[in-house]
Amino acid sequence: MINYKAINILKGLTKKEILRFEKFLLSPFYNNNKKLLLLYNYLRKFYPEFDSSSFTKENIYRHVFGNDIFSDENLRKLFSDFYKLGEKYLVTLNLEKNKFDYDRYLLDELDWRKIDNIFLSKFKEKEKQFEKSEFNYQTFYYDYLMKWQIVSFHLDRGEQYKITGDVFERTEQLIFYFLSDLFISLNDIDVNKNTFNYNPKINLPEKFIELLDLESLYQYIRDNNFKNKDLFSMYYNLFLMNKNRTDESYFFELKDQLEKNFEKLSIRSKMHFILRMISMCNRYINLNKSTKFHEIKLDLYDKILKYKLYKTNQNYFRSDLFLNLFIEYISYKNTSDAELFFKENIKSISPAHIYKLQSLCSALLLFEEGKFLESLEICSRINTNLLTVKIILRKLLLKIFYEVKDYDGNKDEIKNFRQFISNSKLLNETHKSSLQNFIKLFNDLVNLKNDPEDEFLNYTLKSNTEHIIDTSDRDWFRNKISELN
1230 MINYKAINIL KGLTKKEILR FEKFLLSPFY NNNKKLLLLY NYLRKFYPEF DSSSFTKENI
1290 YRHVFGNDIF SDENLRKLFS DFYKLGEKYL VTLNLEKNKF DYDRYLLDEL DWRKIDNIFL
1350 SKFKEKEKQF EKSEFNYQTF YYDYLMKWQI VSFHLDRGEQ YKITGDVFER TEQLIFYFLS
1410 DLFISLNDID VNKNTFNYNP KINLPEKFIE LLDLESLYQY IRDNNFKNKD LFSMYYNLFL
1470 MNKNRTDESY FFELKDQLEK NFEKLSIRSK MHFILRMISM CNRYINLNKS TKFHEIKLDL
1530 YDKILKYKLY KTNQNYFRSD LFLNLFIEYI SYKNTSDAEL FFKENIKSIS PAHIYKLQSL
1590 CSALLLFEEG KFLESLEICS RINTNLLTVK IILRKLLLKI FYEVKDYDGN KDEIKNFRQF
1650 ISNSKLLNET HKSSLQNFIK LFNDLVNLKN DPEDEFLNYT LKSNTEHIID TSDRDWFRNK
1710 ISELN
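Now the structure itself:
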């Protein structure tokens, strides 16, 4: 197998981008080596997998160098040059997508070359565009950089009297950016603690927050007129919501802020807040709080659909999010709504995953309708490496075998499930523990079915069922226990 870094770059390009790469290579400003163009034309034939039996070093060399004697060193050098151009191409693509950075670098050049009239005109134009742009917490940082550019411009020209307001605003935006990013980081630290049990003795971010009088600082911000302070408040309340999980007031305050500022936010920021609020809804639901959190969670999912926040960089519906939404619709709406969601959105899934998700969703719908054998038939045909699909599929198989009273099938599937959990390198320890707990509960359910008079097992199973995070699993266990009682 050929393993050059340049090939990895080509694999990461979309079809449209790999076609544009040819124009990039044809530009004498970037490339004057015709052999690199020959190399590109040959490599493109094998995109995107690059796994054909005819894809060999010798064949590549013959296409580029003709009948010259094969030299591995010459080929490595050629691929090295090709990789460097690939790097430049990626940077160019990034600048095309990020107008702010493009303009910032342009202003730096205009400033350095003392082209003052164009600099000032371009800066004003950039300011107007910036004010209309969608917001995310990095907007604070970009605003800081803009203010720094104009401050630096006037300082170099001895015009300090023109920058007094900019100096203050630059510092304010930097503080908002730092704190917003810190709040997000502290939430990520908390997730790593819970998921990977990673809790170092020295924790500078948490110590910093502990020593900072955040309440007084936030009160000062609220009492004064600062640019974008309402948007900063959202990141602060997100931090408070995660820190004070038993207090619903922070959740509802953030919910109100999200409603008021939703249209101002970028797609990434909308998704950031929604996913964290969905996670908190799951927590409250798991604590058996009122059904209002079911309704709020569905409203948040509806927002994801309405504003098309679900798409990946390739403009496809994320497979894991698609399945979560589908299962939520089954659990909290009905099979008709789930089926409608499926029909309207399945075409937005990556072509590589459509068949697998289509089969799994069909099996889930048939299961909900009580057509267990038909569901089993579809499950038996699903072959996938998608982790989310694998887990849902294995749980579904156990439930089907239980429903049709195939206890030998249950035993085999439990054995396969345990092997999968043990061998998977993609599952972290917390996830493994959760799946192992599912298997234990399932075994207890089978034992209770064999001995429904066992009061201790009945009580233990009921109690442990309430700690299942996945609502669809928890509801199924509740129903089966209720049937036995």
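Here the sequence shown is numbered in this note's numbering, starting from 1230 and rising by one per residue. Note that beta-carbon positions come from the ideal geometry of N, C-alpha and C, so glycine has one too.
For the set Arg1386, Arg1497, Ser1651, the Cα lying nearest the Cα of Tyr1539 is the one of Arg1497. Rounded to the nearest angstrom, the gap between the Cα atoms of Asp1635 and Leu1586 is 26 Å. For Lys1456, the three-state secondary structure derived from DSSP is coil.
Leu1670 sits close to Asn1693, with the two beta carbons spaced by under 7 Å.
For Phe1258, the closest of Leu1349, Tyr1318, Phe1646, Leu1339 by C-alpha to C-alpha distance is Tyr1318.
Put simply, of Glu1632, Glu1695, Phe1412, His1383 the residue whose alpha carbon is nearest the alpha carbon of Leu1349 is His1383. In the DSSP assignment, Gly1315 falls within the alpha helix (DSSP H) that extends over 1301-1326. Note on geometry: alpha-carbon atoms of Phe1461 and Glu1435 lie some 19 Å from one another. In the three-state DSSP reduction, Phe1258 falls in the coil class, being neither helix nor strand. The residue among Met1509, Phe1491, Ser1519, Lys1286 with its C-alpha nearest the C-alpha of Lys1535 is Phe1491. When the alpha-carbon of Ile1629 is set against those of Asn1574, Phe1706, Lys1572, the nearest one is in Phe1706. Around the C-beta of Ile1650, 16 or more other C-beta atoms lie within 10 Å, and the residue is accordingly described as buried.
Under the three-state reduction of DSSP, Lys1472 is assigned to helix. Between the beta-carbon of Tyr1449 and that of Tyr1406 there is about 17 Å, and that puts the pair past the 8 Å contact cut. Secondary structure at Ile1578: strand, using DSSP grouped into helix, strand and coil.
Annotation for Lys1489: the continuous alpha helix (DSSP H) segment containing it runs 1477-1490. At a Cβ-Cβ threshold of 7 Å, Tyr1479 and Asn1473 count as neighbours.
Taken through DSSP and simplified to helix, strand or coil, Lys1540 comes out as strand. When rounded, the separation of the alpha-carbon atoms in Asn1612 and Ser1588 is 10 Å.
Its Cα nearest to that of Phe1329, the residue Lys1357 stands out among Ile1344, Leu1304, Lys1357.
Nearest Cα to Glu1568 within the set Leu1627, Asn1453, Phe1555, Ser1577: Phe1555. The Cβ atoms of Gly1315 and Ile1231 do not sit closer than 7 Å to each other. Annotation for Arg1707: the continuous alpha helix (DSSP H) segment containing it runs 1700-1713.
Separation of Leu1467 and Leu1487 (C-alpha to C-alpha, rounded to the nearest whole angstrom) is 10 Å.
Between Ile1247 and Phe1279, the CB-CB gap reaches or exceeds 7 Å. About 17 Å separates the beta carbons of Ile1710 and Asn1515, which is beyond the 8 Å limit, so they are not a contact pair. Each residue's CA atom was taken as its position, placing Met1375 and Arg1399 some 8 Å apart. Between Ser1609 and Ser1409, the alpha-carbon positions lie close to 48 Å from each other. Considering only Phe1369, Lys1353, Tyr1370, the residue with the shortest C-alpha distance to Ile1379 is Lys1353. In this structure, DSSP gives Leu1494 an extended state, which the three-state scheme calls strand. Inter-segment contact for the segment 1503-1512 and the segment 1521-1537 is present: three or more beta-carbon pairs are separated by less than 8 Å. Look at the segment 1616-1663 and you find these whole runs of alpha helix (DSSP H), each 4 residues long or longer: 1616-1632, 1636-1652.
The straight-line gap separating the alpha-carbon atoms of Tyr1371 and Lys1355 is approximately 11 Å.
In its chain, beyond the 5 residues on either side, Ala1592, Leu1593, Phe1596, Cys1608 have a beta carbon closer than 7 Å to the beta carbon of Leu1625. In the three-state reduction of the DSSP assignment, Phe1546 falls in the strand class. Judged by DSSP in its simplified three-state form, Phe1407 adopts helix.
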